[in-house]
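Visitor: First residue of the sequence shown: 407, per the numbering used here; consecutive thereafter. All C-beta atoms in this analysis are idealised placements derived from N, C-alpha and C, irrespective of residue type, glycine included.
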Amino acid sequence: MTAIPTEPRFLGGLAPREDNYLTHQAGIGSWVFTLDHKRIGVMYLVAILVAFLLGGIFALLIRVQLLRPEGLLFHGSDLSVYKTYNQLFTLHGAVMIFLVLIPGVPGALGNFVLPLMLGAKDVAFPRLNLWSFYLYVLGALLALASILIGAVDTGWTFYTPYAAQTNTAVIPLVFGAFILGFSSIFTGMNFIVTIHKMRPAGMTWFRMPLLLWSLYATAIIQIMATPVLGITLLLLILERLFQLGIFDPYFGGDPLLFQHFFWFYSHPAVYIMILPAMGVMSEVIATFSRREIFGYRFVALSSIAIAVIGFFVWGHHMFPNGQSGPLNTIFSGLTMLVALPSAVKVWNWLATMYKGSISLQTPMCYSLAFFFLFAIGGLTGLFLASLSTNFHLHDTYFVVAHFHYVMIGGTMFMFIAGLHYWWPKMTGRMFNDALGRLACLLLFVGFNVTFFPQFLMGTHGMPRRYAVYKPEFQPYHVLSTIGGFLQFAALVLIAGYLVHSLYRGRRAAANPWGGSTLEWTCSSPPPHDNFPTPPVVRAPYDHKHLLWNETLGGYEWQPVENETR
Numbered sequence: 407m408t409a410i411p412t413e414p415r416f417l418g419g420l421a422p423r424e425d426n427y428l429t430h431q432a433g434i435g436s437w438v439f440t441l442d443h444k445r446i447g448v449m450y451l452v453a454i455l456v457a458f459l460l461g462g463i464f465a466l467l468i469r470v471q472l473l474r475p476e477g478l479l480f481h482g483s484d485l486s487v488y489k490t491y492n493q494l495f496t497l498h499g500a501v502m503i504f505l506v507l508i509p510g511v512p513g514a515l516g517n518f519v520l521p522l523m524l525g526a527k528d529v530a531f532p533r534l535n536l537w538s539f540y541l542y543v544l545g546a547l548l549a550l551a552s553i554l555i556g557a558v559d560t561g562w563t564f565y566t567p568y569a570a571q572t573n574t575a576v577i578p579l580v581f582g583a584f585i586l587g588f589s590s591i592f593t594g595m596n597f598i599v600t601i602h603k604m605r606p607a608g609m610t611w612f613r614m615p616l617l618l619w620s621l622y623a624t625a626i627i628q629i630m631a632t633p634v635l636g637i638t639l640l641l642l643i644l645e646r647l648f649q650l651g652i653f654d655p656y657f658g659g660d661p662l663l664f665q666h667f668f669w670f671y672s673h674p675a676v677y678i679m680i681l682p683a684m685g686v687m688s689e690v691i692a693t694f695s696r697r698e699i700f701g702y703r704f705v706a707l708s709s710i711a712i713a714v715i716g717f718f719v720w721g722h723h724m725f726p727n728g729q730s731g732p733l734n735t736i737f738s739g740l741t742m743l744v745a746l747p748s749a750v751k752v753w754n755w756l757a758t759m760y761k762g763s764i765s766l767q768t769p770m771c772y773s774l775a776f777f778f779l780f781a782i783g784g785l786t787g788l789f790l791a792s793l794s795t796n797f798h799l800h801d802t803y804f805v806v807a808h809f810h811y812v813m814i815g816g817t818m819f820m821f822i823a824g825l826h827y828w829w830p831k832m833t834g835r836m837f838n839d840a841l842g843r844l845a846c847l848l849l850f851v852g853f854n855v856t857f858f859p860q861f862l863m864g865t866h867g868m869p870r871r872y873a874v875y876k877p878e879f880q881p882y883h884v885l886s887t888i889g890g891f892l893q894f895a896a897l898v899l900i901a902g903y904l905v906h907s908l909y910r911g912r913r914a915a916a917n918p919w920g921g922s923t924l925e926w927t928c929s930s931p932p933p934h935d936n937f938p939t940p941p942v943v944r945a946p947y948d949h950k951h952l953l954w955n956e957t958l959g960g961y962e963w964q965p966v967e968n969e970t971r
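1. Could you check where the alpha helix (DSSP H) with residue 754 kicks off and where it finishes?
2. Suppose you measure from the CA of residue 939 to the CA of residue 617; what does that come to, to the nearest Å?
3. Taking 6 Å as the limit between beta carbons, can you name the residues of its chain near residue 491, skipping five residues before and five after?
4. Where do the N-terminal and C-terminal ends of the alpha helix (DSSP H) with residue 811 fall, by residue?
5. What is the DSSP secondary structure of residue 426, counted as helix, strand or coil?
6. According to DSSP, is residue 533 part of a helix, a strand, or is it coil?
7. In whole angstroms, what is the alpha-carbon distance linking residue 970 and residue 439?
8. For residue 890, which residues of its own chain have a beta-carbon under 8 Å away from its beta-carbon, when the five flanking residues on both sides are left out?
9. What is the rounded straight-line gap between the Cα of residue 766 and the Cα of residue 956?
10. State the Cα-Cα distance for the pair residue 441 and residue 608, rounded to the nearest angstrom.
11. Check whether the stretch 715–731 touches the stretch 872–888, counting contact only when three or more Cβ pairs, one atom from each stretch, lie closer than 8 Å.
12. Taking residue 927 as the reference, which of 916, 935 and 934 has the closest Cα?
13. Contact between the stretch 787–797 and the stretch 735–746 is defined here as three or more beta-carbon pairs at a separation below 8 Å; is this criterion met?
14. Check for me: the beta strand (DSSP E) holding residue 954 runs from which residue to which?
15. In chain order, what residues of the same chain have a beta carbon less than 7 Å from the beta carbon of residue 679, not counting five sequence neighbours either side?
16. So, are the CB atoms of residue 594 and residue 555 less than 7 Å apart?
17. Mind checking which residues open and close the alpha helix (DSSP H) that includes residue 947?
18. Should residue 876 be labelled buried (16 or more other beta-carbon atoms within 10 Å of its own) or exposed?
19. My understanding is that residue 504 touches residue 561, with C-beta atoms under 8 Å, so please give their C-beta distance in whole angstroms.
20. For the stretch 511–520 and the stretch 586–602, state whether three or more C-beta atom pairs, one from each stretch, are separated by less than 8 Å.
21. Between which two residues does the alpha helix (DSSP H) carrying residue 828 extend?
22. Determine the extent of the beta strand (DSSP E) in which residue 961 is found, giving its start and end residues.
23. Sort 587, 652 and 865 by Cα distance to residue 540 and report the nearest one.
24. With 16 as the cutoff for other CB atoms within 10 Å, does residue 840 come out buried or exposed?
25. Between which two residues does the alpha helix (DSSP H) harbouring residue 881 extend?
26. Measuring CA to CA, which of 430, 623 and 936 is closest to residue 682?
27. Considering Cα atoms alone, identify which of 764, 726, 716 and 724 is closest to residue 743.
28. Relative to the C-alpha of residue 670, which candidate in 632, 565 and 611 has its C-alpha closest?
29. Note down the Cα distance separating residue 396 from residue 936, rounded to an integer number of angstroms.
30. Among residues of its own chain, excluding the 5 on either side of residue 947, which ones have a beta-carbon nearer than 7 Å to its beta-carbon?
31. Taking the C-alpha atoms as reference points, what is the distance between residue 865 and residue 878?
32. Once DSSP output is grouped into helix, strand and coil, what is the label at residue 408?
33. Would you kindly check if the distance between the Cβ of residue 824 and the Cβ of residue 779 is under 7 Å?
34. Taking Cβ to Cβ, would you say residue 801 is nearer than 7 Å to residue 869?
35. I'd like the list of long-range same chain contacts for residue 911, defined as Cβ closer than 7 Å, with 5 residues on each side in sequence excluded.
36. Quick one: using the 10 Å Cβ neighbour count with 16 as the cut-off for buried, is residue 964 buried or exposed?
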């Protein structure tokens, strides 16, 4: 799926400076009230990066606290030590899950590139898109206000009965998450309608970029699962206000009912996080391997399969919690089944790279790191899906490590890969690729130093969420803390060279990487209306007619005979 632009300036040349989406209108008001999907994507990006910084600070504080068995930052014999620690990991988890991982790729990257990939001028509902962003901001502010009112100490899962009884600011945080759910639902609705109704002539379902398949599958989950979470959180608020006896056993409620409702959303939410990252993976692998995606249809349909099967596996979070044996067995089997479509993707990505002309530029380096980290995260998930090992590993650091290998090693690494991949398109500037590869290596090493020891801790019985621990686990925690600071250093380096590129970076060509999807046929940055003329759609991931132009500093399209607009 590619296009042949008609104007010479869109054939790989430098972006026109006279008019693009960044300069089309000036002033803060033009951003605050913008309906341009590209500007909304940039605003999402800034907000998500601020939340990522905050969540990362909480994570570093946790790691510093755990340097010593009795605690380093706060310690003592009273319960305040445990309450403060509980507040730290609650804030870290809630910020990273609800403000970073779930909206990350769809909100920032998806909003920016989805219409461009379709050759469209915008999403189907631009005003709803802007409202989605402001609902995200409002929900984030409400959630963060709980820090000032009385930081929540329930954990990011808000498990009852404790969440119904604690005297911390549960209601502001939960209501913030409720509002964030509307932002997610509206974004999903917008993406589904846009993909259905705004594909250009010639772009059938199996000529769409695979990122669009991933965003489409993600949108299905957002629309179908998020309302369940919203209702659950509202019931929790009512429980706290009026003691209705829904989840609190003291008033006749059932805390397991809350867990079923919560995980019915929150396990599909794992795929809201990882599916868009898998879509980014497909785009990066195809571009930097200079090959069409092997088994395109299998990769596309596996996204839908993951979205569907993901609705039937929530019970594996509750194996030790009193479910019947037959029900546990069913959930165990379904959990192993959902691994198959993910394995299909990994196999086809590897086959795509086989005998490809691989270019190890920064986005590709993050994609290769994703292979290793996601494989470890996925394989260790099988231990948790198996009943015989789950009962030993449940609620240990093994779960912490598994979750981070999938969500951070998977979602965040590909979010960073996508940010680098589309950075020239967003900003019109190139970053320092050598520093990009160095930062990727440092982040990869730091990540493994942080989380791999936690697998060992978990198998030796170290429970998660403990503010103090036995001295025998201290070497593992010291390693994890060192790795955490290595990751922080890598992220500082990334921020440094990306910001530097805005001021001193080389101007980007329209197609600096040799991508074959439609967004690479408009200028960098794109014009306000994206495309001056409707683009021509061709076979997906066709790189045969892309040639490097040294003068332009990018790839340009060679005309193809008998091709009509």
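Guide: Reading it off the structure:
1. Numbered from its first residue, the sequence shown carries residue 754 at position 348. Residues 731–759.
2. Translated into the one-based positions of the sequence shown, residue 939 becomes position 533. Translated into the one-based positions of the sequence shown, residue 617 becomes position 211. Each residue's alpha carbon lies about 23 Å from the other.
3. Within the sequence shown, the letter at position 85 stands for residue 491. Counting only Cβ-Cβ distances below 6 Å, and skipping sequence neighbours, we find 873.
4. For this step, residue 811 is matched to residue 405 along the sequence shown. Run containing residue 811: 803–812, per the alpha helix (DSSP H) assignment.
5. Counting from 1 along the sequence shown, the entry for residue 426 is found at position 20. In the structure shown, residue 426 sits in coil (DSSP, three-state: anything other than H, G, I, E or B).
6. Counting from 1 along the sequence shown, the entry for residue 533 is found at position 127. In this structure, residue 533 counts as helix in the three-state DSSP scheme.
7. The residue you call residue 970 lines up with position 564 of the sequence shown. The residue you call residue 439 lines up with position 33 of the sequence shown. A caution first: residue 970 carries a pLDDT of 44, below 50, which makes its placement in the model too unreliable to give a value.
8. Counting from one through the sequence shown, the residue named residue 890 turns up at place 484. Same-chain partners within the cutoff: 465, 466, 469, 852 and 856.
9. Position 360 of the sequence shown, counted from the start, is the residue given in the question as residue 766. Position 550 of the sequence shown, counted from the start, is the residue given in the question as residue 956. Those two C-alpha atoms are separated by around 19 Å.
10. For the purposes of this step, residue 441 is taken as residue 35 along the sequence shown, with counting starting at 1. For the purposes of this step, residue 608 is taken as residue 202 along the sequence shown, with counting starting at 1. Distance between the alpha carbons of residue 441 and residue 608: 27 Å.
11. no
12. Within the sequence shown, numbered from 1, the residue matching residue 927 stands at position 521. Out of 916, 935 and 934, 916 has the C-alpha closest to the C-alpha of residue 927.
13. yes
14. Taking the sequence shown and counting its residues from 1, the one referred to as residue 954 is at position 548. Run containing residue 954: 952–955, per the beta strand (DSSP E) assignment.
15. For the purposes of this step, residue 679 is taken as residue 273 along the sequence shown, with counting starting at 1. The residues are 507, 508, 813 and 817.
16. Numbered from its first residue, the sequence shown carries residue 594 at position 188. Numbered from its first residue, the sequence shown carries residue 555 at position 149. Contact: no.
17. Here the question's residue 947 lines up with position 541 in the sequence shown. Counting along the chain, residue 947 falls outside any alpha helix (DSSP H), and DSSP gives it neither H nor E.
18. On the sequence shown, position 470 is the one that residue 876 refers to. The residue is exposed, with fewer than 16 neighbouring Cβ atoms inside 10 Å.
19. If you number the sequence shown from 1, residue 504 lands on position 98. If you number the sequence shown from 1, residue 561 lands on position 155. Actually they do not touch by this definition, with Cβ atoms about 13 Å apart.
20. Yes, the stretch 511–520 is in contact with the stretch 586–602.
21. If you number the sequence shown from 1, residue 828 lands on position 422. It spans 819–833 - the alpha helix (DSSP H) in which residue 828 sits, taken as one unbroken run.
22. Working through the sequence shown from its first residue, we reach residue 961 at position 555. Counting along the chain, the beta strand (DSSP E) containing residue 961 begins and ends at 960–963.
23. Locating residue 540 in the sequence shown gives position 134, counting from the first residue. Of the candidates 587, 652 and 865, the one whose C-alpha sits nearest the C-alpha of residue 540 is 587.
24. The count along the sequence shown starts at 1 and reaches residue 840 at position 434. So residue 840 counts as exposed.
25. As a first step, residue 881 must be located in the sequence shown, where it is residue number 475. Element bounds for residue 881: 880–910.
26. For this step, residue 682 is matched to residue 276 along the sequence shown. Closest option to residue 682, Cα to Cα, is 623.
27. In the sequence shown, the residue the question calls residue 743 occupies position 337. Nearest of 764, 726, 716 and 724 to residue 743, Cα basis: 716.
28. Taking the first residue of the sequence shown as 1, we reach residue 670 at position 264. Per the Cα distances, 632.
29. Absent from the model: residue 396. The displayed extent of the chain is 407 to 971, so no value can be given.
30. Taking the sequence shown and counting its residues from 1, the one referred to as residue 947 is at position 541. Excluding sequence neighbours, residue 947 sits near 692, 698, 699 and 922.
31. Looking up residue 865 in the sequence shown gives position 459. Looking up residue 878 in the sequence shown gives position 472. Approximately 13 Å, taken between the alpha carbons.
32. Start at 1 with the first residue of the sequence shown, and residue 408 comes out as number 2. Because residue 408 sits at a pLDDT of 42, beneath the cut-off of 50, its placement in the model cannot be relied upon, and the following sentence gives the value as read from the coordinates. Coil, per DSSP.
33. Counting from 1 along the sequence shown, the entry for residue 779 is found at position 373. Counting from 1 along the sequence shown, the entry for residue 824 is found at position 418. Going by C-beta atoms, residue 779 is not nearer than 7 Å to residue 824.
34. Mapped onto the sequence shown, residue 801 falls at position 395. Mapped onto the sequence shown, residue 869 falls at position 463. In this structure, residue 869 lies closer than 7 Å to residue 801 by Cβ.
35. Working through the sequence shown from its first residue, we reach residue 911 at position 505. Excluding residues within five positions, the ones whose Cβ falls inside 7 Å are 835, 836 and 837.
36. Here residue 964 corresponds to residue number 558 of the sequence shown, with the count starting at 1. An exposed status is given to residue 964, since fewer than 16 other beta-carbon atoms sit within 10 Å of its beta-carbon.
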